[in-house]
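If you count the sequence shown from 1, position 35 lands on 35 in UniProt numbering, and the numbers rise without skipping.
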Amino acid sequence: MSARLRRGLALVVLIGVAGGDLVILLPCLRTPGMIRDARATMGYGARMAVRSESSRQAILQATIDLLGDQPPGPVSLQKLSIERIARQAGVSKMTIYRWWPSKAAVVIDSFLDNHVAQTPVKATGRALEALRQHMASLARVYAGPEGRLVAQLIAECQFDPATLQEFKQRFWQGRREAVTQLIERAMREGDLRSDVEPDEVAEALYAPIYFRLLFQTGPLDAESTERLVDVALAGFGPNAAPRVIGKSKSERPQARPRSARKSA
Numbered sequence: 001m002s003a004r005l006r007r008g009l010a011l012v013v014l015i016g017v018a019g020g021d022l023v024i025l026l027p028c029l030r031t032p033g034m035i036r037d038a039r040a041t042m043g044y045g046a047r048m049a050v051r052s053e054s055s056r057q058a059i060l061q062a063t064i065d066l067l068g069d070q071p072p073g074p075v076s077l078q079k080l081s082i083e084r085i086a087r088q089a090g091v092s093k094m095t096i097y098r099w100w101p102s103k104a105a106v107v108i109d110s111f112l113d114n115h116v117a118q119t120p121v122k123a124t125g126r127a128l129e130a131l132r133q134h135m136a137s138l139a140r141v142y143a144g145p146e147g148r149l150v151a152q153l154i155a156e157c158q159f160d161p162a163t164l165q166e167f168k169q170r171f172w173q174g175r176r177e178a179v180t181q182l183i184e185r186a187m188r189e190g191d192l193r194s195d196v197e198p199d200e201v202a203e204a205l206y207a208p209i210y211f212r213l214l215f216q217t218g219p220l221d222a223e224s225t226e227r228l229v230d231v232a233l234a235g236f237g238p239n240a241a242p243r244v245i246g247k248s249k250s251e252r253p254q255a256r257p258r259s260a261r262k263s264a
């Protein structure tokens, strides 16, 4: 069999791996030249993988820089574009679209890169204390530039269903799942009632922080956040009144009139 025919029969499978190529040759059809070429290709793939990750990080950093308070920012989310991110990162638009389908996806990932590390949901220690620490770290982060970015993202979600879907899938669902697991653990540890839905407890905890973020009704400092969390948790503690299900309004415990509360 001629060398040309052997090369023609060689089966080469190219599989994209992290921006590079993995070359697989059938053992019975390998020749020294093929092996040399394969090694060169694999070396190129490894170099490309490093370059690809470097480009990805440059894109995420460029997005944060453009949306930040310092030059080259601040750029509003509405005015931010893929072209502008590409120019700041020193890459092509196609490089960005290789990883992200839209501007919203880039922004959310650039935000998440730092956010998850800064607002951990700890799996050790008492769950209720870990829950308090998570809420405190969330408020601390939202009191800074990242809070303004999240507020812009939430506003964008009201007009763009695609952005809303990206935000829910890439950000909210993961955070909610982690916190819900923490709440379930707090229930097992006896620090929270077991007759409530963990999802509803999570929403009750997050709601006042996001309300203050969006409407600027008060500070998100440590003391204020602790009070907000205390109020939210008061109804879910082990000594709180049990949940009333299936009773008519007339059968439920009635709150005292305001005048009676004042005289008391």
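Note that the Cβ used here is the ideal one computed from N, Cα and C, for glycine as well. Note that the coordinates shown come from a computational prediction; the quantities given were computed from them, not determined experimentally.
Collapsed DSSP secondary structure at residue i in the structure displayed
{"i": "F215", "result": "helix"}
{"i": "D65", "result": "helix"}
{"i": "W99", "result": "helix"}
{"i": "T147", "result": "Thr is not the amino acid found at residue 147; the sequence shown has Gly there. The answer is helix: DSSP assigns G147 an H, G or I state."}
{"i": "V13", "result": "Its pLDDT being 37, under 50, V13 is placed unreliably by the model, and the measurement read from it follows with that caveat. If DSSP states are grouped into helix, strand and coil, V13 belongs with the strands."}
{"i": "G235", "result": "coil"}
{"i": "P72", "result": "coil"}
{"i": "P208", "result": "helix"}
{"i": "Q158", "result": "coil"}
{"i": "L220", "result": "coil"}
{"i": "I24", "result": "In this prediction, I24 has a pLDDT of 41, which is less than 50 and means its spatial position is unreliable; what the coordinates show is noted afterwards. DSSP places I24 in strand when its eight states are reduced to three."}
{"i": "A86", "result": "helix"}
{"i": "E200", "result": "helix"}
{"i": "K79", "result": "coil"}
{"i": "R132", "result": "helix"}
{"i": "L138", "result": "helix"}
{"i": "L192", "result": "coil"}
{"i": "V107", "result": "helix"}
{"i": "V91", "result": "coil"}
{"i": "A240", "result": "coil"}
Whole-Å CB distance - residue i paired with residue j, under 8 Å assumed
{"i": "E146", "j": "F111", "result": "7 Å"}
{"i": "V106", "j": "I96", "result": "7 Å"}
{"i": "S137", "j": "T124", "result": "That pair is no contact at about 15 Å."}
{"i": "D77", "j": "L153", "result": "The question names Asp, but residue 77 in the sequence shown is Leu. Confirmed, Cβ separation roughly 7 Å."}
{"i": "Q116", "j": "L182", "result": "In the sequence as presented, Gln is not what sits at residue 116; that position holds Val. In fact, because the Cβ distance is near 15 Å, the residues do not count as touching under 8 Å."}
{"i": "F236", "j": "V196", "result": "6 Å"}
Residue environment, residue i, which counts as buried when at least 16 other CB atoms sit within 10 Å
{"i": "K103", "result": "buried"}
{"i": "P242", "result": "exposed"}
{"i": "S55", "result": "buried"}
{"i": "L228", "result": "buried"}
{"i": "F159", "result": "exposed"}
{"i": "R188", "result": "exposed"}
{"i": "A126", "result": "Residue identity check: residue 126 is Arg in the sequence provided, not Ala. Classification for R126: exposed."}
{"i": "F211", "result": "exposed"}
{"i": "P198", "result": "buried"}
{"i": "A202", "result": "buried"}
{"i": "A234", "result": "exposed"}
{"i": "A139", "result": "buried"}
{"i": "T217", "result": "exposed"}
{"i": "A186", "result": "buried"}
Cα-Cα separation between residue i and residue j, rounded to whole angstroms
{"i": "T180", "j": "L131", "result": "10 Å"}
{"i": "Q204", "j": "A232", "result": "Looking at the sequence provided, one finds Ala at residue 204 rather than Gln. Spanning the two alpha carbons is a distance of roughly 6 Å."}
{"i": "Q165", "j": "A151", "result": "16 Å"}
{"i": "Q88", "j": "R98", "result": "17 Å"}
{"i": "Y206", "j": "E184", "result": "16 Å"}
{"i": "R193", "j": "L128", "result": "12 Å"}
{"i": "P74", "j": "S81", "result": "13 Å"}
{"i": "Q61", "j": "A86", "result": "11 Å"}
{"i": "L214", "j": "T225", "result": "15 Å"}
{"i": "Q169", "j": "C157", "result": "13 Å"}
{"i": "A222", "j": "A143", "result": "10 Å"}
{"i": "R175", "j": "M94", "result": "30 Å"}
{"i": "L208", "j": "Q70", "result": "Looking at the sequence shown, residue 208 is not Leu but Pro. Taking the straight line joining both Cα atoms gives about 29 Å."}
{"i": "D109", "j": "D191", "result": "34 Å"}
{"i": "P238", "j": "K79", "result": "49 Å"}
{"i": "R84", "j": "I64", "result": "12 Å"}
{"i": "L220", "j": "E53", "result": "35 Å"}
{"i": "A155", "j": "A162", "result": "13 Å"}
{"i": "Q57", "j": "A240", "result": "48 Å"}
{"i": "M135", "j": "P101", "result": "31 Å"}
{"i": "Q133", "j": "E177", "result": "17 Å"}
{"i": "Q173", "j": "V91", "result": "31 Å"}
Extent of the continuous alpha helix (DSSP H) to which residue i belongs
{"i": "A123", "result": "Unbroken run through A123: none, as it is neither H nor E."}
{"i": "V179", "result": "173-188"}
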